[in-house]
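*Asks:* Below: one structure in C-alpha cells.
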Amino acid sequence: MKIRKSKKNVPVRQAETKQKKGVSQWSIAWRRFKKNKAALAGLVIIGAIVFMAIFSPLIARYPLNYLASLKEEGKIRMPPSARYIFGTDYVGRDVFSQIVYGAGNVLYVGFGAAAIAMSLAIVIGLISGYIGGIVDNLLMRITEIFLVIPFLLILLVFLKVATTLAPSGVGGLSTVTLMIGLFSWAANARIIRGEVLRVKQNEYIEASMSLGASKWRIMFRHVLPNVLHVVIVLTTLQIATAILVEAAVSFLGFGDPNSITWGQQLQGASEAVKEAWWEGVFPGLFITLLVLGFSLLGNGLRDALDPRLRE
Amino acid sequence: MSIKRKVLHFFPTRVAHAVQSPLAKYVLRRLLYLIPLFFGILILVFVATRLAGDPVKLMTGLNPRITAEARERLTQYYGLDQPLYYQFAKFLWELFQGNLGNSYALRGGTPVTTLIGDYAWETFKLQLAALFFSLVIAIPIGVMSARRQYSKLDVSVTTTSLVGTCIPIFYMGIVTILIFSYFLGWFPYGQAHSLEPSRYPFGSYTLDELWHLALPTAVLTFATLAPVVLLVRSSMLEILRQDYILAARASGLSERTVVYKHALRNALIPVVTYVGLYFGGMLAGAPITETVFNWPGVGRLYVEATAKLDFPLIMGITVFITLMVLVANLITDITYAYIDPRIRIE
Numbered sequence: 001m002k003i004r005k006s007k008k009n010v011p012v013r014q015a016e017t018k019q020k021k022g023v024s025q026w027s028i029a030w031r032r033f034k035k036n037k038a039a040l041a042g043l044v045i046i047g048a049i050v051f052m053a054i055f056s057p058l059i060a061r062y063p064l065n066y067l068a069s070l071k072e073e074g075k076i077r078m079p080p081s082a083r084y085i086f087g088t089d090y091v092g093r094d095v096f097s098q099i100v101y102g103a104g105n106v107l108y109v110g111f112g113a114a115a116i117a118m119s120l121a122i123v124i125g126l127i128s129g130y131i132g133g134i135v136d137n138l139l140m141r142i143t144e145i146f147l148v149i150p151f152l153l154i155l156l157v158f159l160k161v162a163t164t165l166a167p168s169g170v171g172g173l174s175t176v177t178l179m180i181g182l183f184s185w186a187a188n189a190r191i192i193r194g195e196v197l198r199v200k201q202n203e204y205i206e207a208s209m210s211l212g213a214s215k216w217r218i219m220f221r222h223v224l225p226n227v228l229h230v231v232i233v234l235t236t237l238q239i240a241t242a243i244l245v246e247a248a249v250s251f252l253g254f255g256d257p258n259s260i261t262w263g264q265q266l267q268g269a270s271e272a273v274k275e276a277w278w279e280g281v282f283p284g285l286f287i288t289l290l291v292l293g294f295s296l297l298g299n300g301l302r303d304a305l306d307p308r309l310r311e
Numbered sequence: 001m002s003i004k005r006k007v008l009h010f011f012p013t014r015v016a017h018a019v020q021s022p023l024a025k026y027v028l029r030r031l032l033y034l035i036p037l038f039f040g041i042l043i044l045v046f047v048a049t050r051l052a053g054d055p056v057k058l059m060t061g062l063n064p065r066i067t068a069e070a071r072e073r074l075t076q077y078y079g080l081d082q083p084l085y086y087q088f089a090k091f092l093w094e095l096f097q098g099n100l101g102n103s104y105a106l107r108g109g110t111p112v113t114t115l116i117g118d119y120a121w122e123t124f125k126l127q128l129a130a131l132f133f134s135l136v137i138a139i140p141i142g143v144m145s146a147r148r149q150y151s152k153l154d155v156s157v158t159t160t161s162l163v164g165t166c167i168p169i170f171y172m173g174i175v176t177i178l179i180f181s182y183f184l185g186w187f188p189y190g191q192a193h194s195l196e197p198s199r200y201p202f203g204s205y206t207l208d209e210l211w212h213l214a215l216p217t218a219v220l221t222f223a224t225l226a227p228v229v230l231l232v233r234s235s236m237l238e239i240l241r242q243d244y245i246l247a248a249r250a251s252g253l254s255e256r257t258v259v260y261k262h263a264l265r266n267a268l269i270p271v272v273t274y275v276g277l278y279f280g281g282m283l284a285g286a287p288i289t290e291t292v293f294n295w296p297g298v299g300r301l302y303v304e305a306t307a308k309l310d311f312p313l314i315m316g317i318t319v320f321i322t323l324m325v326l327v328a329n330l331i332t333d334i335t336y337a338y339i340d341p342r343i344r345i346e
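Note that the protein sequences, when read in sequence, are chains A and B. Taking our numbering as reference, the numbering of the first sequence is continuous, increasing by one, and the terminal residue is 311. Taking our numbering as reference, the numbering of the second sequence is continuous, increasing by one, and the terminal residue is 346.
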C-alpha cells in the first residue's frame with residue numbers, strides 16, 4: 001500500500017512542477033534565446049575558450065613559458081610552420097601554446113572584474129533607487145565622478161599603486177582584476193537604479209510594505225529578483241568590457257608581467273610588428289573573438305529576457 | 001527698450017527664453033557642484049601618486065654611483081620629504097597661481113604647462129578629425145539602417161558595428177600599421193611630422209602633417225564610428241514610431257521631409273550628449289591610439305608620466321583633463337536643455 005501510494009504521488013508532483021516550469025519567465029526566455037543564432041554562436045565561442053582554459057595542458061603543444069624555438073633551434077620569432085602553427089615570439093615561445101595558457105587568465109580577469117563591478121553596482125543601484133532622498137543624491141554624485149572622468153588614465157595610476165603596495169604573495173593578476181572591477185561599476189549602477197525606480201512603482205512592493213516588511217527585505221527579496229534580467233545582461237557585457245580593459249592595460253605595460261594574457265602577448269609583439277606579424281595578430285584575434293562572444297551573448301540575453309518584448 | 005531686451009530681440013525666442021535668469025541659476029548650481037568634484041578628483045589622484053612609489057628611487061635605481069646622501073638631497077629638492085598635506089597645500093597654492101611645476105623627467109625639467117601646451121594641440125587635431133569623420137559617416141548610415149529595419153543593409157550595418165566595438169583599438173592600430181605602412185608602404189608610421197624637411201611630400205609641411213594624420217585618424221574614426229551608428233539607429237527607430245511622425249506622414253509630407261526634417265532633428269538629441277561627453281574626454285586623448293602610433297599627444301604623455309612616476313606631470317595633466325571634462329559636461333547639459341524642449345530648467 002505504502003509503495004503504491006508513493007508511486008502514485010510521484011507523477012502527480014512531477015506534473016505539477018512541470019506545469020509550473022512551463023510558464024516560468026526563465027523557460028520562456030530560454031525558448032526565445034534558442035532561436036537566436038547569433039547568441040548561440042556567442043555561447044559556442046565562449047564554450048570553446050572555456051574548454052581551452054580548462055584543458056590547457058592537454059591542448060598546448062609546449063609547457064608554459066617554454067622557450068621552444070630558442071632551445072631547439074636557437075632562433076626566436078620563427079614564422080608559422082607545421083611545428084609552431086602561430087609562430088614563436090621574441091624569446092622563442094610557441095605563440096599558440098601561450099594563447100592557450102593565457103585563456104584561463106583572460107577569463108579570470110573578465111569574470112572576476114565583472115563580479116566585483118556588478119556586486120558594487122547592484123548594492124549601490126538598489127540602495128540609491130529604493131531609499132532615494134539624500135542617500136540617492138549622494139550616491140549618484142559619486143557615481144557621476146566615475147562616469148565623467150576618463151577612467152583609463154586614472155586606472156593606470158591606481159594600477160601602479162596596487163603593484164607597489166600589494167604584498168608579493170598576492171597574485172599580480174588579482175590586483176589588476178580588483179582595480180578594473182573597482183573602476184567599472186558606475187554605468188551599471190546607474191542603469192540598475194533606473195530599473196529599481198521602475199520596479200518600485202509596482203503594487204506588490206506596496207503590498208509587501210503594508211505587511212510590515214523591512215526595507216532591506218523588500219530590496220533583496222522583491223526588488224532584486226525583478227531587476228535580475230537587467231543584471232544578467234549587464235554582467236555579460238561587463239565581462240566583455242573587462243577583457244578589453246585588461247588587454248589595453250597590459251598593452252600599455254601596466255598589467256601583471258608575471259601572468260601570461262593575450263594583452264601581454266600583444267605588448268611583446270608591438271616592438272617588432274614588421275618582422276614578426278604573427279606574434280601579435282593571433283593573440284589579438286583571440287581577444288576579438290572572446291569579446292565578440294560575450295557581446296553576442298549579452299545582446300541575445302537582452303532580447304530574450306526583456307519582458308517588454310513578447311511575441 | 002532696455003539693452004537686455006534689445007540684445008535678446010535679435011535671437012529666436014527659444015534662445016531668449018534660455019538666456020534669462022533660470023539658466024543663470026542653473027549654471028550657478030552646477031558650478032557649485034562641480035567645484036567640490038574637481039577638488040575631490042585632485043585629492044584622489046594626488047594621494048594615489050604618492051602611494052604609487054618613489055620616483056627618486058626609480059630615477060637613481062640604475063645608477064650605482066649615486067650615494068644615499070645624494071638621493072636624500074634629490075628627495076628634498078622635489079619636496080617629497082614633506083608631509084602629504086603640506087605637499088598638497090603647496091600644489092594647490094601654485095595651481096592658483098597658474099604654476100603646475102616642472103616635469104621630473106621630460107626634457108630636463110620643462111614646465112608642465114609648456115609640455116601640455118605642446119602636446120594638447122596634436123591630440124586635439126587627431127581627435128577633432130576622428131570625431132568629424134565618424135559623425136559624417138555614422139549619421140547617414142544610422143538613418144538608412146533605421147529606415148529599413150531588418151533589411152540586409154541593416155543587418156550588415158549592425159553586425160559590422162558590433163564587431164567594431166569588439167576589436168581592441170590597439171589591435172586595430174597594429175594591423176593597420178602592418179598593412180598600410182609596412183606591407184603597402186603608403187603611409188608613414190608614428191610621429192606627427194617627418195623628421196627632415198626633405199621627406200615632406202612635394203615639399204609641403206601641411207601635406208606632411210595630413211599624411212601622418214591619416215592612419216591614426218582612420219583607426220580612431222573606426223573606433224568612434226560603431227557606437228555612434230548604433231546610437232543614431234536606435235534613437236531613429238524610436239522616433240520613427242512616434243505619433244507626430246505618423247501625423248507628418250498623414251499630412252502628405254514627402255518621406256524625405258519626414259525623415260530628415262522631423263525625425264532626424266529629434267533623433268540627434270542623444271548624439272549631442274554623446275558628442276559632448278566625447279568632447280570632454282577628447283583632450284584626455286586616446287592614450288592607446290596615441291601609444292600605438294607613437295603620436296605626441298596628451299594621452300601618451302600621461303601614460304609615460306605614470307610609468308616614470310613623474311608626479312608634477314601626472315597632476316598637471318589630471319588638472320587639465322578634469323577641467324576640460326567638467327566644462328564640456330556643463331556645456332552639454334546646457335545645450336541639451338536648449339535643444340530638447342521637453343527638458344525645462346526649473
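Glycine included, every Cβ here is placed at the ideal spot set by N, Cα and C.
Can at least three beta-carbon pairs, one atom from the segment 263-271 of chain B and one from the segment 158-172 of chain B, be found at a separation below 8 Å?
*Replies:* Short answer: they don't touch.
*Asks:* Relative to chain B, which residues along the segment 248-265 of chain A have a C-beta separation below 7 Å, given in chain order?
*Replies:* So the close ones are Ala248, Phe251, Leu252 and Gly253.
*Asks:* Helix, strand or coil: how does DSSP classify Asn63 (chain B) here?
*Replies:* Asn63 (chain B): coil per DSSP, three-state reduction.
*Asks:* Is the beta carbon of Ser295 (chain A) sitting closer than 8 Å to the one on Leu162 (chain B)?
*Replies:* Yes, these two residues count as a Cβ contact at 8 Å.
*Asks:* Give the DSSP-derived three-state secondary structure of Asp208 (chain B) in the structure shown.
*Replies:* Looking at Asp208 (chain B) - three-state DSSP - the assignment turns out to be helix.
*Asks:* What does Asp94 (chain A) pair with, by DSSP beta-bridge criteria?
*Replies:* Partner(s): A:Thr88.
*Asks:* Whole angstroms are fine: how far does the CA of Ile192 (chain A) sit from the CA of Arg241 (chain B)?
*Replies:* Computed Cα separation, rounded: 26 Å.
*Asks:* Less than 8 Å between the beta carbons of Glu322 (chain A) and Gly268 (chain A), yes or no?
*Replies:* In the structure as shown, chain A begins at 1 and stops at 311. Residue 322 (chain A) is therefore absent and cannot be evaluated.
*Asks:* For Ile334 (chain B) and Leu277 (chain B), I'd like the C-alpha separation in whole angstroms.
*Replies:* Going by the C-alpha atoms only, they are around 13 Å apart.
*Asks:* What are the start and end residues of the alpha helix (DSSP H) that includes Tyr189 (chain B)?
*Replies:* Run containing Tyr189 (chain B): none; DSSP gives neither H nor E here.
*Asks:* Quick check: the segment 143-157 of chain A against the segment 207-214 of chain A, are at least 3 beta-carbon pairs closer than 8 Å?
*Replies:* Too few Cβ pairs lie closer than 8 Å, so no.
*Asks:* Determine, using beta carbons only, whether Ile142 (chain A) and Phe286 (chain A) come nearer to each other than 8 Å.
*Replies:* Contact: no.
*Asks:* Taking 8 Å as the limit between beta carbons, can you name the residues of its chain near Lys200 (chain A), skipping five residues before and five after?
*Replies:* Gly129, Tyr130 and Val223.
*Asks:* Is any beta-carbon of chain B found at less than 8 Å from that of Ile145 (chain A)?
*Replies:* Yes - at least one Cβ of chain B is within 8 Å of the one on Ile145 (chain A).
*Asks:* Between Ile99 (chain A) and chain B, is any beta-carbon pair separated by less than 8 Å?
*Replies:* No, no contact with chain B.
*Asks:* For chain B, is any of its Cβ atoms less than 8 Å away from the one on Phe282 (chain A)?
*Replies:* No - not a single Cβ of chain B is within 8 Å of the one on Phe282 (chain A).
*Asks:* For a contact defined as C-beta to C-beta under 7 Å, what are the partners of Thr291 (chain B) on chain A?
*Replies:* Going along chain A in sequence order, the residues near Thr291 (chain B) (Cβ under 7 Å) are Leu252.
*Asks:* Closer than 7 Å by C-beta to Lys8 (chain A): which residues in its own chain qualify, once you throw out the five before and the five after it? Chain order, please.
*Replies:* Any reading at Lys8 (chain A) needs caution, since the residue's pLDDT is 47, under 50, leaving its predicted position unreliable; the model's value is listed next. If we look at Lys8 (chain A) and ignore the five residues flanking it on each side, it has no Cβ neighbours.
*Asks:* Are the C-beta of Phe158 (chain A) and some C-beta of chain B separated by less than 8 Å?
*Replies:* So, interface residue.
*Asks:* Please classify Ala247 (chain B): is it buried, with 16 or more other beta-carbons within 10 angstroms of its beta-carbon, or exposed?
*Replies:* Exposed is the call here.
*Asks:* Within a Cβ cutoff of 8 Å, which residues of the same chain sit near Ala214 (chain B), ignoring the five residues on either side of it in sequence?
*Replies:* Only Phe187 meet the Cβ criterion.
*Asks:* Which term fits Glu359 (chain B), buried or exposed, when burial requires 16 or more other beta carbons within 10 angstroms of its beta carbon?
*Replies:* No statement about residue 359 (chain B) is possible, as the shown extent of chain B runs from 1 to 346 and does not include it.
*Asks:* If you measure beta-carbon to beta-carbon, which residues of the segment 64-98 of chain A are closer than 7 Å to chain B?
*Replies:* Those would be none; no residue qualifies.
*Asks:* Measure the C-alpha to C-alpha separation of Val136 (chain B) and Gly185 (chain B) and round it to an integer number of angstroms.
*Replies:* Distance between the alpha carbons of Val136 (chain B) and Gly185 (chain B): 28 Å.
*Asks:* Look at Tyr108 (chain A) and Ala60 (chain A) and say whether their C-beta atoms are less than 8 Å apart.
*Replies:* In this structure, Ala60 (chain A) does not lie closer than 8 Å to Tyr108 (chain A) by Cβ.
*Asks:* Below 9 Å on C-beta distance, what does Asn294 (chain B) contact in chain A?
*Replies:* Within 9 Å Cβ-Cβ: nothing; Asn294 (chain B) doesn't reach chain A, min ~10 Å.
*Asks:* Are at least three pairs of beta-carbons, each pair with one atom in the segment 142-151 of chain B and one in the segment 297-308 of chain B, less than 8 Å apart?
*Replies:* The segment 142-151 of chain B is not in contact with the segment 297-308 of chain B.
*Asks:* Quick test of the definition: if touching needs 3 or more C-beta pairs under 8 Å, does the segment 157-164 of chain A touch the segment 42-58 of chain B?
*Replies:* Yes, since at least three Cβ pairs between the segment 157-164 of chain A and the segment 42-58 of chain B fall closer than 8 Å, the two stretches touch.
*Asks:* Compare the beta carbon distance of Leu244 (chain A) and Val281 (chain A) with 8 Å and say whether it is the shorter of the two.
*Replies:* Going by C-beta atoms, Leu244 (chain A) is not nearer than 8 Å to Val281 (chain A).
*Asks:* Tell me which same chain residues have a C-beta within less than 7 Å of the C-beta of Pro287 (chain B), skipping the five on either side of it?
*Replies:* If we look at Pro287 (chain B) and ignore the five residues flanking it on each side, its Cβ neighbours are Gly299, Arg300, Tyr302 and Val303.
*Asks:* Where do the ends of the alpha helix (DSSP H) carrying Phe282 (chain A) lie?
*Replies:* Start and end: Trp278 to Leu305.
*Asks:* DSSP three-state call for Pro83 (chain B): helix, strand or coil?
*Replies:* Correct three-state label for Pro83 (chain B): coil.
*Asks:* Verify the CB distance criterion: does Thr49 (chain B) have a CB-CB separation below 8 Å to chain A?
*Replies:* Output row for Thr49 (chain B): interface = yes.
*Asks:* In terms of residue numbering, what span does the alpha helix (DSSP H) encompassing Tyr204 (chain A) cover?
*Replies:* It spans Glu203 to Ser210 - the alpha helix (DSSP H) in which Tyr204 (chain A) sits, taken as one unbroken run.
*Asks:* Mind listing the chain B neighbours of Leu152 (chain A)? Cutoff is C-beta to C-beta under 7 Å, in chain order.
*Replies:* Those are Pro287, listed as they occur along chain B.
*Asks:* How many Å lie between Leu42 (chain B) and Arg30 (chain B) at the Cα?
*Replies:* Those two C-alpha atoms are separated by around 18 Å.
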